[in-house]
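Residues in the sequence shown are numbered from 104 upward in steps of one, following my numbering.
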Amino acid sequence: MYSNKIRLLLILPLLLVSAAAPCADDDNWRFSGFATVGASYSSNDELAFRSSYLNKPRKHFNVFTDTMVGFQFNYHFSNDLDLVVQAIAQDRGDSEVANYFEMAFLRYQFDRNWSARVGRMNYNAYLLSEYRNVSYAYPWVRPPVDFYLPTSSVSYVDGAEIQYRHSANDGVWQHTFAAGKSESNLFALDSFTTIYYDYVLNATTTYEAYDWLVKVTGSYFMGDRTRISGGDFEGFYDSLLAVPDVLWPGVDEVYDHLHMDNEPIWYLSLGYQYNNDEWLVMAEMVAMDSAWTLLSPYVSGYISLGYRFGDFLPYITLAGIEETESPRQLPVPDFSQAPDAETAQYLGLLSFASQEISNAISQSQRSVGVGVRWDVSPSSAIKFQYDHYWIDVPGYALWGVSLYQQVSGDHMSNVVSLTYSTTF
């Protein structure tokens, strides 16, 4: 598996450059790319670190957490119509080629104010929406995971977006509205869950003036269904349905809590950025409400402060995520009604597994990170970062664990990272 990842990361840029070569003399084409090579170490022995739900969790030392390569093609059919395609090779858990394409859309500029996009677009909900995977574009080794990792449950929208831009009060307003559908594969150590969204509605308003920017986003999702691989969950659900209520009062409630389909999700975020070429301040906060067990309601946010000394930018980041609802204690079987010890043991195993699945989606942690960015050239940077995490069990959902793994007691983890990022 590791050799396949390395081969893909090395070969893809060569293929893309070869594909772009015939277009070099065509002014309508533009080819660009970005890459990051990194190494990181996470100190926790039980919880595997990750920067996105879409990527594989890794324990201790590894070179895949932050390493990636991406390319982007732009083709202008006319002054008003263009095509954008962006693909990224990174440590994803799935091998579907379509999922390596982050963007593939047609864009039409109606006039100086109005434009529209149709196709696969980035989920435009936070400050880094347009360049989340371009490490060179932001100060940190990776965006703060307390805030950005949960948002990776929706990485793209297949649909359409309308945008309106206009000038006012010495600044620029931008309003967007998008509608479409989405699908995400969320990975653990030995399993993954696919979430299907019937439709996604997303609206944003951004105001930018001089050195600062404010962005507000509201989203509504309708979750269609989920598919969990790595365990016989259909058999597990059937087992719950087969238990009579006399043996497990409230077993129907347990089933409804764990079997997720056709449930709505609401998302509201606020972001602020100040950058005057010396001081850099970035802050975001989000509130998410969901009826899905798999995506428990939470609030999260971060604030990051940096100051430039020539080519060096040291920074500090404080971040955290907390659930807005306490981990749910599910009804338990009435063991006194079990006809024999074997049935009681079977009910106990079902009850334990049900509670562990419910606990596994809890999100509660805080972190502090310090680092420095060194711009070694106009298009490349070296970054070093140290993060310390406090994880409140059972709020370890941002970390990778094995299916049915028991994690007890609060945890801490130190993550040390070094990366080289470039654009070309």
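All C-beta atoms, glycine included, are put in the ideal place defined by N, C-alpha and C.
Closest by CA to residue i, which one among the options?
i           : options               : result
residue 395 : 368, 344 and 256      : 368
residue 309 : 266, 477, 424 and 419 : 266
residue 488 : 398, 471, 503 and 403 : 471
residue 388 : 524, 405, 244 and 479 : 405
residue 375 : 338, 231, 192 and 345 : 231
residue 240 : 160, 383 and 142      : 383
residue 162 : 509, 502 and 467      : 502
residue 320 : 350, 474 and 279      : 279
residue 301 : 262, 171, 359 and 486 : 262
residue 270 : 499, 339 and 313      : 313
residue 437 : 274, 343 and 447      : 447
residue 440 : 431, 451 and 433      : 451
residue 297 : 403, 510, 150 and 199 : 199
residue 272 : 311, 253 and 305      : 311
When DSSP builds the beta bridges, which residues end up paired with residue i?
i           : result
residue 466 : 499
residue 486 : 476 and 522
residue 167 : In DSSP, residue 167 forms no bridge with anything.
residue 425 : 402
residue 162 : According to DSSP, residue 162 bridges with nothing at all.
residue 132 : 178
residue 268 : 277
residue 417 : 475
residue 144 : 164 and 519
residue 310 : 276 and 317
residue 261 : 223 and 284
residue 173 : 137 and 191
Do residue i and residue j have their C-beta atoms within less than 8 Å of each other?
i           : j           : result
residue 381 : residue 401 : no
residue 476 : residue 521 : no
residue 157 : residue 215 : no
residue 524 : residue 155 : no
residue 543 : residue 136 : No answer is possible for residue 543: the residues shown for the chain start at 104 and end at 527.
residue 285 : residue 361 : no
residue 324 : residue 349 : no
residue 264 : residue 235 : no
residue 474 : residue 132 : no
residue 138 : residue 172 : yes
residue 403 : residue 385 : no
Check your understanding: When the Cβ atoms of the segment 200 to 213 are set against those of the segment 174 to 191, are three or more pairs found closer than 8 Å?
Key -> The segment 200 to 213 makes contact with the segment 174 to 191, as at least three CB pairs between them are under 8 Å.
**Study point:** Segments assigned beta strand (DSSP E), at least 3 residues, entirely inside the segment 356 to 410
**Key:** Assignment of beta strand (DSSP E) within the segment 356 to 410, counting only whole runs of 3 or more residues, yields 364 to 378, 382 to 393 and 401 to 410 in chain order.
**Study point:** Inter-stretch contact at 8 Å, needing at least 3 Cβ pairs: the segment 139 to 149 / the segment 501 to 519
**Key:** Counting Cβ pairs under 8 Å, three or more are found: they touch.
Check your understanding: Which runs of the beta strand (DSSP E) fall wholly inside the segment 180 to 251 and span at least 3 residues, in chain order?
Key -> Entirely contained in the segment 180 to 251, the beta strand (DSSP E) runs reaching 3 residues are, in chain order, 184 to 192, 204 to 212 and 217 to 225.
Exercise for review: Report yes or no: do three or more beta-carbon pairs, one from the segment 216 to 225 and one from the segment 252 to 261, lie closer than 8 Å?
Suggested key: When C-beta atoms of the segment 216 to 225 are compared with those of the segment 252 to 261, three or more pairs fall below 8 Å, so the two segments count as touching.
Review point. Using 8 Å as the Cβ pair cut-off and three pairs as the minimum, do the segment 457 to 467 and the segment 478 to 485 touch?
Key: Output reads no: the segment 478 to 485 does not touch the segment 457 to 467.
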